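Chemist: Chains as they are written, first to last, in the working numbering: chain L, 1 to 91; chain X, 92 to 182; chain B, 183 to 336; chain H, 337 to 490.
Built from N, CA and C at the ideal position, the CB exists for glycine as well.
All figures in this text were calculated on a predicted structure; none of them were measured in a lab.
Provided herewith is a single structure, encoded as structure tokens, for subsequent inquiry.
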Amino acid sequence: MVNAVSGGWKMITIKFFASLRERLGVDSIQLELTSSITVSQLQQHLIAQHEDWSDLQQGKVLCAVNHTLCDANTTIHDGDEVAFFPPVTGG
Amino acid sequence: MVNAVSGGWKMITIKFFASLRERLGVDSIQLELTSSITVSQLQQHLIAQHEDWSDLQQGKVLCAVNHTLCDANTTIHDGDEVAFFPPVTGG
Amino acid sequence: MISIQREDFNVGDEYELLRKTSRSEGAVVTFVGLVRDVNLSDSVTALELEHYPGMTEKVLNELCDEARQRWVLGAIRIIHRVGKLQANDQIVFVGVSSRHRQDAFDAAQFVMDVLKTQAPFWKKEHGVNSAKWVEVRETDMLALQRWQNPQDPQ
Amino acid sequence: MISIQREDFNVGDEYELLRKTSRSEGAVVTFVGLVRDVNLSDSVTALELEHYPGMTEKVLNELCDEARQRWVLGAIRIIHRVGKLQANDQIVFVGVSSRHRQDAFDAAQFVMDVLKTQAPFWKKEHGVNSAKWVEVRETDMLALQRWQNPQDPQ
């Protein structure tokens with residue numbers, strides 16, 4: 001489903017913001033997809049791959065795909081920009 | 092009830108504004124009261140005394156006594172400033 | 183603070199004054215009413231504003247007091263011009279600061295809704311060959327009602 | 337027009353621009369959000385604003401489009417600052433012009449309510465010895481609901 005090494009699929013970029021970025025200690029990562037997956041599947045994959053990334057779990061963060069807020073069932077395609085972040089507090 | 096000539100009572104001032112002022116052709120008049128009267132009684136008196144002052148009738152104009160909006164039953168006392176005017180259109 | 187004046191006002195200056203006197207308030211809302219290019223009729227060349235000196239100030243001061251009873255506000259500023267105005271001239275300024283943006287918005291709207299229906303100002307439109315007093319707008323009377331209806335959720 | 341910027345903005349200049357581009361509109365409403373003297377804690381010395389470049393602009397542009405679908409508006413202006421801010425600094429400006437004051441008020445509130453809950457900005461408070469991300473406020477989530485509920489009389 002997800003292949004972090006290499007393959008025939010395009011990369012997706014995953015960005016993290018604000019408190020989540022600080023807690024994970026990373027601004028953004030790139031992943032190579034071998035098939036389309038959902039946001040929820042991507043979260044499960046990232047949590048399984050990284051120790052202490054439980055903050056990424058569903059319900060604790062918002063997700064945007066290609067700059068649009070989306071829910072856990074949204075499908076991520078190759079080339080997409082995915083972002084995870086806490087509820088917004090601007091204005 | 093109302094004595095426009097003279098007497099032992101104080102004068103009241105009656106002011107007119109905007110379209111009403113223009114139609115009556117007068118900014119303000121003074122009247123000498125011989126007793127307290129209501130706004131409604133004052134309107135009746137003025138309409139009876141002046142030809143073509145029917146614009147003053149109840150329901151067509153607002154009334155303020157001493158700078159406060161009031162209704163037809165409000166009692167006018169000696170020394171009061173009474174004003175009649177059309178609905179307001181500022182802002 | 184309220185002002186009834188013939189002179190124009192500067193919105194930037196008024197805002198900076200509100201901001202200066204509102205160091206604990208996070209929200210500033212301003213409203214400006216302007217003479218439209220086209221008012222009731224295409225031939226309108228100027229607007230004349232008459233008021234009832236003395237009563238106007240009383241009504242606007244009471245209005246500020248009532249707004250402060252309804253909401254927790256920082257500063258309130260009302261300026262209303264009188265005399266002759268041209269197209270695009272500024273007529274009225276209302277500025278309110280508050281800790282909470284909802285209170286600032288509500289108070290500014292409340293001030294405008296009450297001012298429009300209770301403060302003794304009257305507009306006369308001057309055309310090329312005639313002049314006409316502006317008629318009361320139904321929507322202004324309706325706007326006032328929401329502040330008078332106790333079961334309104336507002 | 338929308339701007340995301342580190343630089344401060346001048347409310348007087350922004351208002352005059354709105355007025356200049358709104359010769360047929362009689363109403364201009366502006367909202368400014370400021371850093372309060374006292375935010376969550378007395379020890380806050382500065383505020384830091386982070387955003388998601390690209391998405392922020394998209395959300396704010398869509399927000400302007402949606403406001404124009406809901407109301408008949410003249411100009412809409414949104415400015416949001418990012419970076420480090422001090423007490424009493426300006427954070428956000430929303431300005432709307434319309435023919436009708438109710439539309440201008442409603443649109444400005446709508447923009448702020450949606451911006452507060454949907455635009456990817458995050459505030460961090462810097463204290464003397466520590467820093468803390470600002471928590472979401474329940475009232476901001478509630479404020480959004482009135483624009484989502486079709487049976488709401490608004």
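Closer than 9 Å by beta-carbon distance: list the chain X residues that pair up with B:M183, in chain order.
Modeler: Sequence index remark: in the third sequence, residue 183 of chain B carries index 1 (1-based). Chain-ordered listing is empty here: chain X has no CB closer than 9 Å to the CB of B:M183, the nearest sitting near 18 Å.
Chemist: Would you call the segment 245-258 of chain B and the segment 282-301 of chain B in contact, with 3 or more CB pairs under 8 Å?
Modeler: yes
Chemist: Ignore the nearest five residues each way along the sequence and tell me which others in L:E81's own chain have a CB closer than 6 Å to its CB.
Modeler: What you label residue 81 of chain L is simply residue 81 of the first sequence in a count that begins at 1. Around L:E81: T13 and N66.
Chemist: So L:S28 is in the alpha helix (DSSP H); what residue range does that whole segment cover?
Modeler: Reading the first sequence from its first residue, position 28 is the one you call residue 28 of chain L. Here L:S28 belongs to no alpha helix (DSSP H); instead the beta strand (DSSP E) covers S28 to L33.
Chemist: To the nearest angstrom, how far is it from the Cα of H:A411 to the Cα of H:T357?
Modeler: One-based indexing of the fourth sequence puts residue 411 of chain H at position 75. One-based indexing of the fourth sequence puts residue 357 of chain H at position 21. If I take the Cα positions, the gap works out to 7 Å.
Chemist: Just curious, the beta strand (DSSP E) that B:R263 is in, first and last residue?
Modeler: The count along the third sequence starts at 1 and reaches residue 263 of chain B at position 81. From DSSP, the beta strand (DSSP E) with B:R263 extends over L255 to R263.
Chemist: Quick check: the Cα distance between H:R435 and B:V210, rounded to an integer number of angstroms?
Modeler: Taking the fourth sequence and counting its residues from 1, the one referred to as residue 435 of chain H is at position 99. Taking the third sequence and counting its residues from 1, the one referred to as residue 210 of chain B is at position 28. Taking the straight line from one Cα to the other gives about 22 Å.
Chemist: Distance cutoff 8 Å, beta carbons only. Does X:H168 sit that close to anything in chain B?
Modeler: For this step, residue 168 of chain X is matched to residue 77 along the second sequence. Closer than 8 Å to the CB of X:H168 there is not a single CB belonging to chain B.
Chemist: Hey, would you say the C-beta of H:E384 is under 7 Å away from at least one heavy atom of the ligand ZN?
Modeler: The ligand ZN is not part of the structure shown, which contains no ligands of any sort.
Chemist: When DSSP labels each residue in this structure, what does B:T238 get in the three-state scheme?
Modeler: The residue you call residue 238 of chain B lines up with position 56 of the third sequence. Helix.
Chemist: Please list, in chain order, the chain L residues whose beta carbon lies closer than 8 Å to that of H:F457.
Modeler: Here residue 457 of chain H refers to the residue found at position 121 when the fourth sequence is read from its first residue. Within chain L, the residues near H:F457 are V88, T89, G90 and G91.
Chemist: What separation, rounded to the nearest whole angstrom, lies between the Cα atoms of X:Q149 and B:S206?
Modeler: Indexing the second sequence from 1 puts residue 149 of chain X at position 58. Indexing the third sequence from 1 puts residue 206 of chain B at position 24. Each residue's Cα considered, the two are about 49 Å apart.
Chemist: Can you tell me whether B:V318 is buried or exposed? The criterion is at least 16 other CB atoms within 10 Å of its CB, across all chains shown.
Modeler: Indexing the third sequence from 1 puts residue 318 of chain B at position 136. It is exposed - the Cβ of B:V318 has fewer than 16 other Cβ atoms within 10 Å.
Chemist: From which residue to which residue does the alpha helix (DSSP H) around X:M102 run?
Modeler: As a position in the second sequence, residue 102 of chain X is number 11, starting the count at 1. First-last for X:M102: M102 to F107, but that is the beta strand (DSSP E), not the alpha helix (DSSP H).
Chemist: Going by Cα to Cα distance, which pick from B:M323, B:N192 and B:T227 is closest to B:E307?
Modeler: Working through the third sequence from its first residue, we reach residue 307 of chain B at position 125. Out of B:M323, B:N192 and B:T227, B:T227 has the C-alpha closest to the C-alpha of B:E307.
Chemist: Can you tell me where the alpha helix (DSSP H) holding X:H136 begins and where it ends?
Modeler: By one-based count along the second sequence, residue 136 of chain X stands at place 45. V130 to Q140 is the extent of the alpha helix (DSSP H) around X:H136.
Chemist: Go to B:A286, then tell me how far its alpha helix (DSSP H) extends in each direction, as first and last residue.
Modeler: The residue you call residue 286 of chain B lines up with position 104 of the third sequence. Start and end: R283 to Q300.
Chemist: Counting along the chain, where does the alpha helix (DSSP H) carrying B:Q327 start and finish?
Modeler: For this step, residue 327 of chain B is matched to residue 145 along the third sequence. E320 to Q327 is the span of the alpha helix (DSSP H), which, as asked, contains B:Q327.
Chemist: Quick one, which of H:R404, H:L480, H:D476 and H:V470 has its alpha-carbon nearest L:S19's?
Modeler: Counted from its first residue, the first sequence places residue 19 of chain L at position 19. With distances taken between Cα atoms, L:S19 lies closest to H:V470.
Chemist: Does chain B have any CB closer than 8 Å to the CB of X:L160?
Modeler: Position 69 of the second sequence holds residue 160 of chain X. Chain B contact via Cβ: present.
Chemist: Which whole-angstrom value describes the C-beta separation of H:D439 and H:L480, a residue pair presumed to lie in contact below a C-beta threshold of 8 Å?
Modeler: Mapped onto the fourth sequence, residue 439 of chain H falls at position 103. Mapped onto the fourth sequence, residue 480 of chain H falls at position 144. Contact doesn't hold; Cβ gap of about 19 Å is too wide.
Chemist: Any idea which residues DSSP pairs B:G215 with across the strands?
Modeler: Position 33 of the third sequence holds residue 215 of chain B. Answer is B:V274 and H:A363.
Chemist: Mind listing the chain B neighbours of X:S110? Cutoff is C-beta to C-beta under 7 Å, in chain order.
Modeler: If you number the second sequence from 1, residue 110 of chain X lands on position 19. Correct list: W315.
Chemist: List the residues of chain H that L:F85 touches, going by C-beta distances under 8 Å, in chain order.
Modeler: Along the first sequence, read from residue 1 onward, the residue named residue 85 of chain L stands at position 85. Close to L:F85, with beta-carbon spacing below 8 Å, are these residues of chain H in chain order: Y388, P456 and W458.
Chemist: Buried or exposed: L:L42, going by 16 or more other Cβ atoms within 10 Å of its Cβ?
Modeler: Numbered from 1 along the first sequence, position 42 holds the residue referred to as residue 42 of chain L. Of the residues assessed, L:L42 falls on the buried side of the cut-off, its CB having 16 or more other CB atoms within 10 angstroms.
Chemist: Going by DSSP, which residues form a beta bridge with L:V65?
Modeler: Taking the first residue of the first sequence as position 1, residue 65 of chain L is located at position 65. Its beta-bridge partners are L:T68 and L:V82.
Chemist: What first and last residue would you give for the alpha helix (DSSP H) that runs through B:G194?
Modeler: Taking the third sequence and counting its residues from 1, the one referred to as residue 194 of chain B is at position 12. Start and end: V193 to K202.
Chemist: Listing by chain order, which chain L residues have their CB less than 8 Å from the CB of H:L385?
Modeler: On the fourth sequence, residue 385 of chain H is found 49 positions in, with the first residue counted as 1. Within 8 Å Cβ-Cβ: G90.
Chemist: Can you round the beta-carbon distance between B:L297 and X:G181 to whole angstroms, since I take them to be within the 8 Å contact cut?
Modeler: Stepping through the third sequence from its first residue, residue 297 of chain B is reached at position 115. Stepping through the second sequence from its first residue, residue 181 of chain X is reached at position 90. Rounded, the Cβ-Cβ distance is 7 Å, consistent with contact.
Chemist: Beta-carbon separation of L:V88 and H:T453 under 8 Å?
Modeler: Locating residue 88 of chain L in the first sequence gives position 88, counting from the first residue. Locating residue 453 of chain H in the fourth sequence gives position 117, counting from the first residue. In this structure, H:T453 lies closer than 8 Å to L:V88 by Cβ.
Chemist: Measuring straight from C-alpha to C-alpha, what distance separates H:P456 and H:S433?
Modeler: If you number the fourth sequence from 1, residue 456 of chain H lands on position 120. If you number the fourth sequence from 1, residue 433 of chain H lands on position 97. Cα-Cα distance, rounded: 25 Å.
Chemist: Suppose you measure from the CA of L:N73 to the CA of L:A64; what does that come to, to the nearest Å?
Modeler: If you number the first sequence from 1, residue 73 of chain L lands on position 73. If you number the first sequence from 1, residue 64 of chain L lands on position 64. Approximately 12 Å, taken between the alpha carbons.
Chemist: Among H:Y388, H:G369 and H:Q422, whose alpha-carbon lies nearest the alpha-carbon of B:Y197?
Modeler: In the third sequence, the residue the question calls residue 197 of chain B occupies position 15. Closest option to B:Y197, Cα to Cα, is H:G369.
Chemist: For the segment 261-274 of chain B against the segment 422-433 of chain H, are there 3 or more C-beta pairs whose distance is under 8 Å?
Modeler: Taking one beta carbon from each stretch, the segment 261-274 of chain B and the segment 422-433 of chain H have fewer than 3 pairs nearer than 8 Å; the two do not touch.
Chemist: Check the Cβ of H:T453 against every Cβ in chain L and list those closer than 9 Å, keeping chain order.
Modeler: Along the fourth sequence, read from residue 1 onward, the residue named residue 453 of chain H stands at position 117. The answer, in chain order, is P87, V88 and G91.
Chemist: For B:M294, decide whether its Cβ has a neighbour in chain H, counting only Cβ atoms nearer than 8 Å.
Modeler: Within the third sequence, residue 294 of chain B is the residue found at index 112, counting from 1. So yes, B:M294 belongs to the interface.
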